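A.B. asks: Protein sequence lines, in the order shown, are assigned to chains A and B.
Every number in our numbering is 3 more than the matching position in the first sequence, counting from 1.
Every number in our numbering is 10 more than the matching position in the second sequence, counting from 1.
Each residue gets a CB set at the ideal place from its N, CA and C atoms; glycine is no exception.
All figures in this text were calculated on a predicted structure; none of them were measured in a lab.
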Amino acid sequence: MGVTGAGETRHGGSLHPAELAHAAVMAALSAATAIIAVVVPFAAGLSVLGTVPMGLLAYRYRLRVLMAATVAGGVIAFLIAGMGGFMTVVDCAYIGGLTGIVKRRGRGAPTAFVAGVAAGAVFGLVGAAALLMLSRLRNLIFDSMTANINGVAAVLNRIPGLEPLAERLKSDFATLLDYWPVLIVASSVFSITMVTMIGWWALSRVLARLLGVPDVHKLDVVDETGPTAPVPARLRDVTFRYPGTNHDALGPVSLDVERGEHVAITGANGSGKTTLMLLLAGRPPGSGTIERPGGVGLGRPGGTAVVMQHPESQVLGTRVADDVVWGLPPGTETDVHRLLAEVGLDGLAERDTGGLSGGELQRLAVAAALAREPSLLIADEITSMVDQQGRDDLIAVLSGLTQRHRTSLVHITHYNDEADTADRIVNLTGNGGIADNVEMVETAPAPKASVAVHHGGAPILELHGVGHEYGSGTPWASTALRDIDLVVNEGDGVLIHGLNGSGKSTLAWIMAGLLQPTTGTALLDGTPVSDQIGAVAISFQAARLQLMRGRVDLEIASAAGLDYHDHSQIVRALAVVGLDPALGLRRIDQLSGGQMRRVVLAGLLARSPRALILDEPLAGLDAASQRGLLRVLVDLRRNAGLTVVVISHDFHGLEELCPRTLHLRDGALAATPTTTGGMS
Amino acid sequence: MTAPAGRQRRPVVLLRPVPGRSVVHQLWAGTKLIVVAGIGALLTYYPGWIPIGLVAVLVLVTARLANVSRGALPSIPFWLWILVFLGCLTATFAGGSPEVTVGTVTVGLGGVLNFLRITVLSIVLLGLGALVSWTTNVAEIAPAVAKLGRPLRRLRVPVDDWAVALALALRAFPMLIDEFRILFAARRLRPRDEATSRRARRHRWAAEVVDLLAAAITVALRRADEMGDAITARGGAGQISTLPSRPKWPDAVAFAILLALCGLSVYIELFTPLSTS
Chain A
4 MGVTGAGETR HGGSLHPAEL AHAAVMAALS AATAIIAVVV PFAAGLSVLG TVPMGLLAYR
64 YRLRVLMAAT VAGGVIAFLI AGMGGFMTVV DCAYIGGLTG IVKRRGRGAP TAFVAGVAAG
124 AVFGLVGAAA LLMLSRLRNL IFDSMTANIN GVAAVLNRIP GLEPLAERLK SDFATLLDYW
184 PVLIVASSVF SITMVTMIGW WALSRVLARL LGVPDVHKLD VVDETGPTAP VPARLRDVTF
244 RYPGTNHDAL GPVSLDVERG EHVAITGANG SGKTTLMLLL AGRPPGSGTI ERPGGVGLGR
304 PGGTAVVMQH PESQVLGTRV ADDVVWGLPP GTETDVHRLL AEVGLDGLAE RDTGGLSGGE
364 LQRLAVAAAL AREPSLLIAD EITSMVDQQG RDDLIAVLSG LTQRHRTSLV HITHYNDEAD
424 TADRIVNLTG NGGIADNVEM VETAPAPKAS VAVHHGGAPI LELHGVGHEY GSGTPWASTA
484 LRDIDLVVNE GDGVLIHGLN GSGKSTLAWI MAGLLQPTTG TALLDGTPVS DQIGAVAISF
544 QAARLQLMRG RVDLEIASAA GLDYHDHSQI VRALAVVGLD PALGLRRIDQ LSGGQMRRVV
604 LAGLLARSPR ALILDEPLAG LDAASQRGLL RVLVDLRRNA GLTVVVISHD FHGLEELCPR
664 TLHLRDGALA ATPTTTGGMS
Chain B
11 MTAPAGRQRR PVVLLRPVPG RSVVHQLWAG TKLIVVAGIG ALLTYYPGWI PIGLVAVLVL
71 VTARLANVSR GALPSIPFWL WILVFLGCLT ATFAGGSPEV TVGTVTVGLG GVLNFLRITV
131 LSIVLLGLGA LVSWTTNVAE IAPAVAKLGR PLRRLRVPVD DWAVALALAL RAFPMLIDEF
191 RILFAARRLR PRDEATSRRA RRHRWAAEVV DLLAAAITVA LRRADEMGDA ITARGGAGQI
251 STLPSRPKWP DAVAFAILLA LCGLSVYIEL FTPLSTS
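1. In whole angstroms, give me the CA-to-CA distance for residue 35 of chain A and residue 16 of chain A.
2. To which residues of the same chain is residue 130 of chain A closer than 7 angstroms at the C-beta, ignoring the five residues directly before and after it?
3. Have a look at A:174, A:327, A:66, A:655 and flag the residue whose alpha-carbon is nearest the alpha-carbon of residue 625 of chain A.
4. Say whether chain B places a C-beta atom closer than 9 angstroms to the C-beta of residue 19 of chain A.
5. Within 10 angstroms of the Cβ of residue 472 of chain A, are there 16 or more other Cβ atoms? Answer buried if so, exposed if not.
6. What does DSSP give as the partner residues of residue 294 of chain A in its beta bridges?
7. Any Cβ of chain E within less than 9 angstroms of the Cβ of residue 210 of chain B?
8. Provide the residue span of the beta strand (DSSP E) that contains residue 132 of chain B, from first to last.
9. In the DSSP assignment, find the beta strand (DSSP E) that holds residue 260 of chain A and state where it starts and stops.
10. If distances are taken between C-alpha atoms only, which option among B:120, B:201, B:183 comes closest to residue 99 of chain B?
11. Using a Cβ-Cβ cutoff of less than 6 angstroms, which residues in the same chain neighbour residue 685 of chain A once the five nearest sequence positions on both sides are dropped?
12. At 9 angstroms on the CB atoms, spell out the chain A contacts of residue 249 of chain B, in chain order.
13. Between residue 39 of chain B and residue 128 of chain B, is the Cβ-Cβ spacing less than 9 angstroms?
14. Name, going along the chain, the residues of the segment 29–48 of chain B whose beta-carbon falls closer than 9 angstroms to a beta-carbon of chain A.
15. From what residue to what residue does the beta strand (DSSP E) around residue 473 of chain A run?
16. Just to check my reading of the structure: residue 487 of chain A and residue 510 of chain A have Cβ atoms closer than 8 angstroms, yes? What is that Cβ distance to the nearest angstrom?
17. Buried or exposed: where does residue 192 of chain B fall if 16 or more other Cβ atoms within 10 Å of its Cβ makes it buried?
18. Comparing alpha-carbon positions, which option in A:663, A:395, A:52, A:294 lies nearest residue 490 of chain A?
19. Considering just the uninterrupted stretch of the alpha helix (DSSP H) at residue 72 of chain B, what are its terminal residues?
20. What does residue 668 of chain A pair with, by DSSP beta-bridge criteria?
21. Looking at the unbroken alpha helix (DSSP H) that takes in residue 59 of chain A, where does it start and where does it end?
22. Note down, in chain order, all residues in the segment 589–602 of chain A with a beta-carbon under 8 angstroms from any beta-carbon belonging to chain B.
23. For residue 23 of chain B, which option in A:621, A:84, A:248, A:287 has the closest C-alpha, if you only look at C-alpha atoms?
24. From the DSSP output, read off the bridge partner residues of residue 310 of chain A.
25. For residue 492 of chain A, which residues does DSSP report across the bridge?
26. So, for residue 268 of chain B: in the same chain, excluding its five sequence neighbours on each side, which residues have a beta-carbon less than 8 angstroms away from its beta-carbon?
27. Classify residue 245 of chain A: buried if its beta carbon has 16 or more other beta carbons within 10 angstroms, exposed otherwise.
28. If I measure Cβ to Cβ from residue 436 of chain A and keep anything under 6 angstroms in the same chain, skipping five residues before and after, which residues do I get?
29. Counting only Cβ pairs nearer than 7 angstroms, list the residues of chain A close to residue 235 of chain B.
30. Kindly confirm or deny that the segment 108–127 of chain A and the segment 57–75 of chain A touch, where touching means at least three C-beta pairs closer than 8 angstroms.
31. If the cut is a Cβ gap below 9 angstroms, which residues of chain A does residue 79 of chain B touch?
32. For residue 1 of chain A, decide whether its Cβ has a neighbour in chain B, counting only Cβ atoms nearer than 9 angstroms.
33. Considering only residues of the same chain and omitting the five flanking positions on each side of residue 601 of chain A, which have a CB-CB separation below 6 angstroms?
34. Would you call residue 209 of chain B buried or exposed, if buried means 16 or more other Cβ atoms sit within 10 Å of its Cβ?
35. Measure the CB-CB distance between residue 153 of chain B and residue 173 of chain B and report whether it falls below 9 angstroms.
36. Should residue 185 of chain A go down as buried or exposed, given a rule of 16 or more other Cβ atoms within 10 Å for buried?
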């Protein structure tokens with residue numbers, strides 16, 4: 004099934020990759036809002052918010068992008084919520100598009116108001132014309148409404164003293180219906196103008212907030228003519244500086260990538276590994292030279308293929324087989340099954356990509372890269388968000404790659420042991436040049452499910468026979484947890500270890516009271532946790548989702564319920580997690596991943612929670628940030644007596660924080676641990 | 011302390027077909043979309059009892075063929091039943107022909123029949139749409155839309171862009187829903203500051219809405235940037251599916267049924283005394 008030749012992307016008016024991605028994501032966001040507005044009772048008002056993503060799209064891109072998003076969002080909303088959902092998305096796009104365009108032209112609220120009135124009139128006229136043609140449906144609707152009104156009037160008529168009111172109701176409604184086209188246009192003008200103004204307000208506020216949001220996109224489409232031949236590449240004294248910064252992110256670096264060789268590039272965060280990837284993928288260097296025999300051909304057959312860090316974002320198809328061919332020129336024949344077998348995903352071709360683990364997603368991305376028979380394959384920290392098993396599988400796939408294919412492999416990693424399979428290892432340091440003295444993350448072997456040897460504080464969290472099933476009673480019912488018996492004592496440090504899909508996140512949500520288990524009880528100090536939401540703090544893996552205010556001090560004040568004028572409290576909260584008070588005035592979107600996690604913790608800890616649950620606290624952090632965060636947590640547990648439960652697929656560095664380890668497998672605790680506390 | 015499973019509300023399940031490989035599952039996604047569009051048009055033009063009844067029969071038979079159990083339906087909230095009941099009640103008081111006499115009481119059913127007709131019409135249309143999402147793999151939708159829209163290409167409508175955007179939006183949708191869940195959970199974990207005056211409450215509400223929106227959009231933008239990178243890394247848009255997307259002979263049967271149903275309905279509504287619209 005061929006859609007849009009890649010060549011058309013540039014000279015035709017077709018959407019560019021960034022435009023496509025933004026249209027798709029904003030369409031999904033708008034559709035989600037519309038669906039909630041239609042499906043959830045009394046949430047219809049929420050549909051107004053669906054105008055904001057569409058407005059943002061119209062503000063940033065051309066109209067064609069908005070059109071694509073409207074179609075995509077409309078179809079999704081239709082599939083889930085029927086015609087009502089579809090119309091809600093269309094309305095959101097109509098009104099949101101209007102506000103976005105007014106905003107882009109730099110006009111103010113009065114223009115938006117006039118545009119809203121005009122749009123309302125147009126919409127109303129179209130609606131009235133449609134009803135004029137659909138005479139049978141119109142009669143049915145009007146008859147049905149008249150019946151309801153007349154019925155109410157008939158009841159009122161029986162009540163002594165209310166007869167005139169009943170008569171009024173009946174005749175007034177009949178008069179209104181006589182003038183129905185006027186009524187429809189007027190109500191359309193009123194409601195659309197109102198929604199436009201609310202949308203305008205929300206869009207303005209959100210745009211003001213978004214000023215600090217960094218654009219995290221990395222790859223750019225490279226315009227090139229001539230043959231594609233990215234290797235051998237010779238980099239000589241290459242440096243690169245991002246616009247708006249005052250130091251080189253990379254270099255000077257000299258490096259050769261030969262045909263068919265496997266090079267590992269290592270270095271701490273900030274050493275310029277990713278920048279080097281960008282240069283190899285075609286970005287021109289700031290100084291120095293890069294010699295190649297031909298063009299880089301990013302994503303082209305025989306060109307350069309790149310696999311990046313985030314498993315979920317790499318994969319573009321909803322079905323495994325579709326993802327392998329996604330983006331290939333129409334008409335290209337691909338042996339999907341051979342490629343899937345090579346990366347160890349044979350038999351999964353028909354599976355939904357939504358159900359794959361991080362490691363499987365990354366192997367799928369490698370298969371998609373290999374479908375292009377690239378001359379150069381760049382793997383940029385592809386294991387950093389994957390569990391140990393997934394990491395081993397991925398490395399096994401990468402290690403023999405250069406023998407099986409005519410490709411060079413550049414593997415960027417911050418794990419020492421991963422680099423060992425390469426022909427050659429190159430170390431990058433942050434201050435330019437190549438050195439060998441780099442701090443690397445070690446991977447740790449899984450400890451045995453262990454026994455708590457020390458202290459027997461009073462039990463805080465008690466889970467008895469906890470099980471959870473999603474979608475109970477539907478054909479999609481799936482069991483996430485069963486028969487969990489677990490007691491967490493005061494001052495405990497517990498690591499709940501499990502792979503993707505083992506139910507560990509469900510367990511975390513139940514322990515925090517956010518989810519009520521379908522069977523069993525989860526008690527905090529003897530009463531159900533779900534009645535005391537907030538008493539057990541939880542820090543999610545996606546820290547950004549937990550930070551709602553625009554600035555650090557506002558965020559902490561809001562999360563902890565502090566008065567943000569009282570500076571000393573906020574300084575204290577920041578100090579607890581080892582952050583500089585000066586950070587209080589920093590915008591949230593300027594924080595690093597490690598800082599975001601600490602700010603979340605500062606807000607949570609300032610409320611003195613009974614226990615703290617951390618979901619994958621170390622994922623995506625470099626070695627220094629990991630160590631810093633762990634030091635803070637170990638300190639808090641040891642000195643402040645904080646009870647800590649860590650949910651993770653990783654063990655490294657967690658032994659000190661969590662002396663007790665439990666293994667979760669397929670929704671059940673694998674080995675029954677014995678504790679000194681009150682196990683039942 | 012075991013919560014009985016029956017008391018739990020059945021959720022609205024998003025974009026996941028009912029397990030199985032029935033003949034309905036195997037129909038081309040484009041056929042299903044055309045059938046829904048065709049029947050939608052029929053019922054908006056001729057919302058009579060007989061067309062509604064025929065479509066209801068079609069919905070029930072299709073659901074049976076596709077092995078859709080009653081459990082697939084989300085729980086219907088109690089207040090909705092009350093609303094329908096109240097609507098029926100007031101419409102009954104309005105009277106109107108036909109009239110039914112039971113003993114000494116004569117009730118005019120005209121009003122309530124109209125009310126019931128529009129209620130059943132909405133239910134039938136919702137059911138028809140739900141059948142599409144219960145029997146169609148998400149991955150088949152975008153290629154079908156691309157195929158259906160092919161004639162529009164001649165009018166320079168960018169159908170292919172739309173299909174790619176739709177495929178990507180379907181991929182992003184569940185991820186965004188997950189992020190929404192976390193966002194709302196994080197919101198629930200926070201203390202609610204006490205706002206005393208009405209003005210302060212309104213102010214707080216507005217601030218919260220902007221906070222949630224900004225967080226949701228920030229996350230969405232980040233996701234879009236990464237997705238844009240992934241698209242660039244694959245050299246832009248191109249193929250979106252391995253399987254050919256085209257109708258087969260069961261689809262011809264489905265079209266024949268659609269045509270027969272529409273033809274019969276229009277004939278009855280236009281030329282026979284059975285017409286009710």
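C.D. replies: According to the structure data:
1. In a straight line, the C-alpha of residue 35 of chain A is about 28 angstroms away from that of residue 16 of chain A.
2. Excluding sequence neighbours, residue 130 of chain A sits near 187, 191.
3. The shortest C-alpha separation from residue 625 of chain A is found at A:655.
4. Judged by the 9 angstroms Cβ criterion, residue 19 of chain A is in contact with chain B.
5. With a threshold of 16 other beta carbon atoms within 10 Å, residue 472 of chain A meets it and is buried.
6. Answer is A:237.
7. This model lacks chain E altogether; the protein chains it does include are A and B.
8. Run containing residue 132 of chain B: none in the beta strand (DSSP E); it sits in the alpha helix (DSSP H), 120–145.
9. DSSP places residue 260 of chain A inside the beta strand (DSSP E), whose first and last residues are 253–260.
10. Closest option to residue 99 of chain B, Cα to Cα, is B:120.
11. Coverage of chain A is limited to positions 4 through 683, which leaves residue 685 of chain A absent and any answer about it impossible.
12. Identification of chain A residues near residue 249 of chain B by a Cβ-Cβ cut-off of 9 angstroms yields 4, 5, 6, 325, 328, 329, 330, 331, 332, 333, 334, 335, 337, ordered along the chain.
13. No Cβ-Cβ contact shorter than 9 angstroms links residue 39 of chain B with residue 128 of chain B.
14. Those would be 29, 30, 43, 46, in chain order.
15. Element bounds for residue 473 of chain A: 462–473.
16. 7 angstroms between Cβ atoms; contact.
17. Buried, since its Cβ has 16 or more Cβ neighbours within 10 Å.
18. Measuring from the Cα of residue 490 of chain A, the nearest candidate turns out to be A:663.
19. Counting along the chain, residue 72 of chain B sits inside the alpha helix (DSSP H) bounded by residues 59–75.
20. Answer by DSSP bridge pairing, in chain order: A:671.
21. Its alpha helix (DSSP H) spans residues 54–63.
22. Of all residues in the segment 589–602 of chain A, 592 have a Cβ within less than 8 angstroms of some Cβ in chain B.
23. When only C-alpha atoms are compared, the closest one is A:84.
24. Among the bridge pairs identified by DSSP, residue 310 of chain A is matched with A:382.
25. For residue 492 of chain A, the pairing in a beta bridge is given by DSSP as A:462.
26. 44, 45, 48, 49.
27. With fewer than 16 Cβ atoms within 10 Å of its Cβ, residue 245 of chain A is classed as exposed.
28. Annotation note: pLDDT 42 at residue 436 of chain A (below 50); position unreliable, no value reported.
29. Here the neighbours are 218, 219, 220.
30. No, they do not touch.
31. Chain order gives the chain A residues near residue 79 of chain B as 477, 478, where near means a beta carbon separation below 9 angstroms.
32. Residue 1 of chain A is absent from the model: chain A starts at 4 and stops at 683.
33. 580, 582, listed in sequence order.
34. In the assembly as shown, residue 209 of chain B is an exposed residue. Its beta-carbon has fewer than 16 other beta-carbons within 10 Å.
35. For residue 153 of chain B and residue 173 of chain B, yes; Cβs fall inside 9 angstroms.
36. Residue 185 of chain A should be labelled exposed.
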